[in-house]
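In the numbering used here, the protein residues as written are 519 to 749.
Don't be surprised by glycine CBs; every beta carbon is placed ideally from N, CA and C.
For clarity, every value in this text was computed on a predicted model and none was experimentally measured.
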């Protein structure tokens, strides 16, 4: 996931699950339990940081997101962009830096469409997969639990802030990076946090508000991305 996952060769995954019952299972079965619990939910709120910061509310087939970009080009203020995914169309609105970052527009194009919704349909738009990544519940779950087959998994336990958790560790010889997923210690082992990266540099994502209603309206008006690029 462009917002949740960094480019790493080694991952560490930390999960909170149902006491000793899940603790006795294999790492592969623990991973399956987390995936099943998360995919059975209706929605989730997540926030993330990987240089750029993100905040999203997503459900099965749609979601909303706000992205803050610290740098786009020399002299530009930090970028801000809002996204809505609904009916297989991504709607994008932001300032100049935000539009340059999200849609790869030229600065003149971005200045023309500041504060206006731009529609990017799924079909025929190479930018759509990047925009839609992390904006549905399924895409979030897949990308924090779909680990490379070459990793060797180890399962242990830990306690954080008084909460008992399982630690599912995936390692690759010679690498120092890590992925870490934290989940509830309940009958529904839902993720509450996810981090990736090297000890001194990486990303951090938090999950909350599982099953809270998510409303994603279609903007009252928008300009097709093809029109924007032709301007």
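Could you tell me if residue i is buried or exposed, where buried requires 16 or more neighbouring beta carbons within 10 angstroms of its beta carbon?
i           : result
residue 578 : exposed
residue 749 : exposed
residue 705 : exposed
residue 714 : buried
residue 593 : exposed
residue 750 : The structure shown does not extend to residue 750, since the chain spans only 519 to 749, so no value can be given for it.
residue 632 : exposed
residue 555 : buried
Just checking my contact of residue i with residue j at CB under 8 Å: how many whole Å lie between their CB atoms?
i           : j           : result
residue 601 : residue 586 : Contact flag wrong, Cβ pair sits at about 12 Å.
residue 743 : residue 643 : 6 Å
residue 514 : residue 607 : This structure cannot settle anything about residue 514, because the visible part of the chain is limited to 519 through 749.
Give me whichever residues DSSP pairs with residue i in a beta bridge.
i           : result
residue 585 : 572, 599
residue 566 : 572, 723
residue 701 : 709
residue 608 : 603, 638
If I measure Cβ to Cβ from residue i and keep anything under 7 Å in the same chain, skipping five residues before and after, which residues do I get?
i           : result
residue 653 : 574, 576, 581, 583, 601, 603
Leaving out five residues before and five after residue i in sequence, what residues of the same chain have Cβ atoms less than 6 Å from its Cβ?
i           : result
residue 635 : 609, 611, 737, 740
residue 571 : 586
Can you tell which of the options has the C-alpha that lies nearest to the C-alpha of residue i?
i           : options            : result
residue 547 : 684, 661, 596, 570 : 684
residue 641 : 557, 543, 605      : 605
residue 559 : 659, 623, 691, 745 : 659
residue 721 : 568, 551, 552      : 568
residue 563 : 630, 732, 664      : 732
residue 674 : 637, 688, 664      : 688
Excluding five sequence neighbours on each side, which residues of the same chain lie with their C-beta closer than 8 Å to the C-beta of residue i?
i           : result
residue 710 : 534, 700, 701, 702, 724, 725, 726
residue 677 : 683
residue 622 : 645
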